[in-house]
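Input: a single structure, listed below in structure tokens.
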Amino acid sequence: MILIEAGERTDRHFDAKLLLATQLAARGHPVILDDRTLPDRLERYQKYEAARFLADVDRVEVTRVIIIGAEAIGQDTLTALRHRQFGPGVAVHVVGRFADRQAAITAQSRAAYALGREPALVDLAALQGPTLVANAISPLAAAPVPGPEPERTPQLFVVLRQESLEDPMVLPLLSAMDQVPGFRLHVILPGKGKEQVKATRHAGLSIFGLSELSPATFAARADIAAFFGDGVPGERMAAFALDLMRSGRVAIDCTAGAGFVAAGAPAVRGPEDLGGLANYVQHNVLVNRRQIGLQAQRSPWLNARSVEPLEAALALVPGSVSEPKTDEAAPRRIVLLPTNGVGLGHARRCALVAAELGTKVAEPVFAAFPSCIPMLRGEGFDCLPLVQKSPDHPEDHANDLLNYLRLRRALRPGDRLVFDGGYVFDSVLRVINEREIDATWIRRGLWQAGQLQGGALDRERAFARVIVPGEAFAELNSDRGGAKVRRVGPIVQRRAVPDASERRAGRGALATRLGTPFSELVVTMLGGGVAADRTAQLQAVAAISEARTGRLNLVVVWPGAVVPPGLAGWTHTRVVQTRDALSLCLLADLVISAAGYNSFHEILYHGVPAIFVPQMAVYMDDQERRARAASDRGLAETVLAHELLLLDREIAAFLDLGKGDRVRAALAATELPAPGNRAAAALILGEEVP
Amino acid sequence: MTNQPRIAYVLDPRFPGGTSAAVAEEVAAVRPLVRPEVHAVTSRMFSGQSLSPALAGALDAAGIEAVWDAPVIAADTVILHNPAFLKFDKTLGRRIVARELIVVTHENFQRPGGAEGFDVAGCLDRIDRGTVALRKTLAPVSAHNRVTVSDWVARNGVRPGWSLAADDWFNICDFPLTPPTDAPRDRRGRHSRPGFEKFPPRAVLDLCFPRHAEANVILGAEVLMAEEAPVPHWQLHPFRGLDLERYFGMIDFMVYFTAPTWQESFGRVLAEAIAAGKVVISDAATAAGFAGAVVPTRPEEVDALIRGFIADPGRYASQVRRAQATLSRFSAEAFQARFAAATGLSREAAA
């Protein structure tokens, strides 16, 4: 393994190590960072970037050490070098931009004293010439990134300073540019710039944080980048520009000091005024961009600053594969990742889609949280376990860091990822971007007012498509839409509805199995868990059932769910843990259910009379709206959680006054939309669906 | 006295280590012969540091007030101590006009293995460009230092007018002599300034300062104190954490190895230990400068060597006495003779 060290232990030095580590890893070099060199204050993005490189150096075999920023080697780094006692077979390179011979001698000597032998010296000033960024710590070497799909609309990235947002014309100008045909606009802003924009009416702009993606990932996504500000905006953006130019794409130098052009970089000089950029891009760049890119690639300046001379100076042989590569012959893997949310709805929906993927592709596999795994394995799917969030973790995203590492290892460029959930985790977003994954977001609709906006929707841009499973009733299909959104019918589990004799046989078998004969069957599945305490409702139904001879109230919960202990005292109530609630619903005279997407549609599509008791929480879908859409049509009844007396009356109405039969008849007469399971699967596979 | 040759010293008096101590001794030694001018130079190397206490004391005692940053330094003989102080400067920053310029090369020009110790060519060039002199002489401080200078000159050359002094411009080691103990014990120690270059790899330290030794006292041990796993059988003290008298009272053997990529140019710490009545053990190259006063060995042989001395206290005592006798080569009197010959004072005395 190649250990990357830095002269000092500052945040800047660590970020420079990350830049180099990411670049060398992409070139196939096995790179690590000493986990003891983590700065105390680490930005969230840095944790994700660093996670895959961090190692306990005492437990890995180090074959090479690269010390960057060696112009100043501090005591901590020297102490670590001395402590490691690297053997003579471990090559050590001291890398820096040395102002003069004495600076180089000082760096080499200091390292030599700590190591007990001479390191090799790499003077970037001699190797590359002057750097784009004064006092840069990272070697800043240009590396090619994979070519874009030839037919894609040119992607223009505009890099701005955060202070530029103080100009009231900037956001309107960007919004106007966003409407210009011929390119797709993205903006890169440092600091809190992204949040600032998202809080305005220009929130629809595609905004990236400066550190949100690695420079190479930015370069892979961009065709043209325009850099504004006083000069070259830091090491990350310099690395982005270098990779971009090296890949035959266009860097436009709009900086006030012409920082790129003055340094000799093969960037084209653009307008310093943002207002002139759209015309400049349209009339000067788009028509010439391939030629500009070719010229940049031929630039001696760029060649001197390319990664190959650096690799040669460090005696690194590129291509020793440590990163998974696309194997054109291998089938594309499909990984489905449902969030576990409140219940298992996401996992259930994913399993239904996975079942439709057929055998045209490699067997779909799941990356799933522990609560979903038994159900998914029970359905016959392989599962990569993900780590559940826990209050015991030191940070709220600690589990997501681990999940990122697992997903990164599991997915190869070109694989497909299907994510089902409301909020796209950083791990998912990063893996999609870094691995160039063909990603699908299954995003159930019916959000509560104000729920789906800003950051949540901002993450949509990483996905190739967004599949919105429909609701049974058209007025509930209220997703905001967009170019990537594909609507399909409700994704719902379908079973054959038993006829009268099958129901009798099923109920008999159930009575035998439970040892409780019954003449009326109520299935109660109110959900619960973190969303709400349903003890009062469960007790109410149990009490109501207790008063009726021959009634059995089956409280159905997921295996492992917490059940209120007070239920055990009722003689007409039994608790059943099962993943197959639908089978019991099909035998029931009445189902009392929460109005989650899956339960609601299963009940409706199988014609089961039901009272819906919506679960409401700020982070959940609008279950009350969904329930009322059915009850307003006479296809069910809606009782809110606090309406216990109404619940009593409605149970009586369904079971004693014929309302259950009327609802069953109404359901049988209602034509619901065709299920979208198969259409969703086809979309995931990139097929066009009418 | 009025016809005495004018002699001027040029140095950055903020050198924290051996250079300032050596020059302090030197000023005191030559004061009976001559009243030199002392020109203090503010170089970038010691930016922010203060005057060496040893040198300040010596100047006070000699009644000499240093002249700071004079634009012109004129004398018959100008003695510039340690050219390495110019390594971070662009120029000498002043004019030196002299019959002879003697550049005392305190720092080795090359490290073991041949790597350059500092930007020698740059420093010598700055001196050369700033000096008008009939002769310019490089004066090494020890046999080893001489080897590094002559090797460097052979490899890189020097400008016309430069030559290498025939005799070493040695450090004066006029320490009070303490007699050796007649009952040496396995009490080992080392002292140095706390740089990484002063310390050998951990494996060598383990051989030199083993668990079974009665005492292992390491003074100036900041480098070891910063390491992650403390070694319980080592007594680690920071630089100047013990006064030298107390430190020498805790040991009978000084065992001194450095990083293999560095070597002492003179080794005043070794001379101090000899004067304090200790048997001093070091690597062969370092020991070579002391003409038998330092016992040469390899780290893996240190244990046996010490056992041998403990078993034979007479041999211990005779080694110390022989070593202390050798120190007379580095006495103030010997230096005065060396100085007088180099500066023309001896010719004047003869006249």
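The listed protein sequences correspond, in order, to chains A and B. If you read the first sequence in my numbering, its first letter stands for residue 9, the second for the next number, and so on. If you read the second sequence in my numbering, its first letter stands for residue 425, the second for the next number, and so on. A virtual CB, placed ideally from N, CA and C, is assigned to each residue, including glycine.
Rounded to whole angstroms, the gap between the alpha carbons of V295 (chain A) and R452 (chain A) is 41 Å.
Here T347 (chain A) is buried: its Cβ has 16 or more other Cβ atoms, across all protein chains shown, within 10 Å. Under a criterion of Cβ atoms nearer than 7 Å, the residues of chain B adjacent to E126 (chain A) are, in order, G537, A539 and T685. Using a 10 angstroms sphere on the CB of R443 (chain A), the tally of other CB atoms reaches 16 or more, which defines it as buried. In this structure Y431 (chain A) is exposed. Its beta-carbon is surrounded by fewer than 16 other beta-carbon atoms within 10 angstroms. Annotation: the continuous alpha helix (DSSP H) that includes G514 (chain A) extends over A508 to L522. Chain-ordered, the chain B residues with CB closer than 9 Å to the CB of T87 (chain A) read F620, V647, A650, E651 and E652. What G546 (chain B) touches in chain A, judged by beta-carbon distance under 7 Å, is R109 and Q110, going in chain order. Counting only the Cα atoms, S601 (chain A) lies some 7 Å from S607 (chain A). Distances from the alpha-carbon of V167 (chain A) to those of A:R297, A:A14 and A:A230 put A:A230 closest. Cβ-Cβ separation between A88 (chain A) and D42 (chain A): approximately 7 Å, consistent with a contact (criterion under 8 Å). In the structure shown, V436 (chain A) adopts helical secondary structure according to DSSP, grouped into three states. A120 (chain A) reaches chain B at R535, A539, A683, T685 and W686, counting residues in chain order whose Cβ is nearer than 8 Å. With fewer than 16 neighbouring CB atoms inside 10 Å of its own CB, R306 (chain A) falls in the exposed class. The segment 589-677 of chain B is shown to contain whole beta strand (DSSP E) runs of 3 or more residues at 611-615, 639-643 and 659-661, in chain order. The C-beta of R626 (chain B) comes closer than 9 Å to at least one C-beta of chain A. In the structure shown, W576 (chain B) adopts helical secondary structure according to DSSP, grouped into three states.
When CB distances to chain A are screened at a threshold of 8 Å, not a single residue of the segment 575-587 of chain B falls below it.
Taking 9 Å as the threshold, the shortest C-beta distance from H101 (chain A) to chain B does not fall below it. Around Q83 (chain A), the beta-carbon contacts reaching into chain B at under 8 Å are A650. Against chain B, a Cβ distance below 8 Å from I75 (chain A) picks out nothing, because the smallest value is about 14 Å. About 17 Å separates the Cβ atoms of L594 (chain A) and I619 (chain A), ruling out a contact at the 8 Å cut-off. Using a CB distance cut-off of 9 Å, D493 (chain B) does not count as an interface residue toward chain A.
Sixteen is the threshold: since fewer than 16 other Cβ atoms of the shown chains lie within 10 Å of the Cβ of T579 (chain A), the residue is exposed. The segment 482-499 of chain B makes no contact with the segment 528-536 of chain B, as fewer than three CB pairs between them are under 8 Å.
Listed along chain A are Q110 and I113, each with a C-beta nearer than 7 Å to that of F542 (chain B). About 4 Å separates the beta carbon of A747 (chain B) from that of I698 (chain B), a gap short enough to meet the 8 Å contact definition. With a contact defined as Cβ atoms closer than 8 Å, A115 (chain A) and V102 (chain A) qualify at about 5 Å. Given a length threshold of 3 residues, each whole run of the beta strand (DSSP E) inside the segment 534-581 of chain B is given here in chain order: 555-564.
By the beta-carbon neighbour count (other beta carbons within 10 angstroms, threshold 16), G732 (chain B) is exposed.
Secondary structure at H354 (chain A): helix, using DSSP grouped into helix, strand and coil. For C593 (chain A), the enclosing alpha helix (DSSP H) starts and ends at A589 to C593. Unbroken beta strand (DSSP E) stretches of 3 residues or longer found wholly inside the segment 111-184 of chain A: 128-131 and 163-167, given in chain order. By the Cβ criterion, the segment 191-210 of chain A is not in contact with the segment 407-415 of chain A, since fewer than three pairs of Cβ atoms, one from each stretch, lie closer than 8 Å.
For D428 (chain A), the uninterrupted beta strand (DSSP E) run begins and ends at R424 to D428, by DSSP.
Residue state for R519 (chain B) is assigned as strand, using DSSP reduced to three classes.
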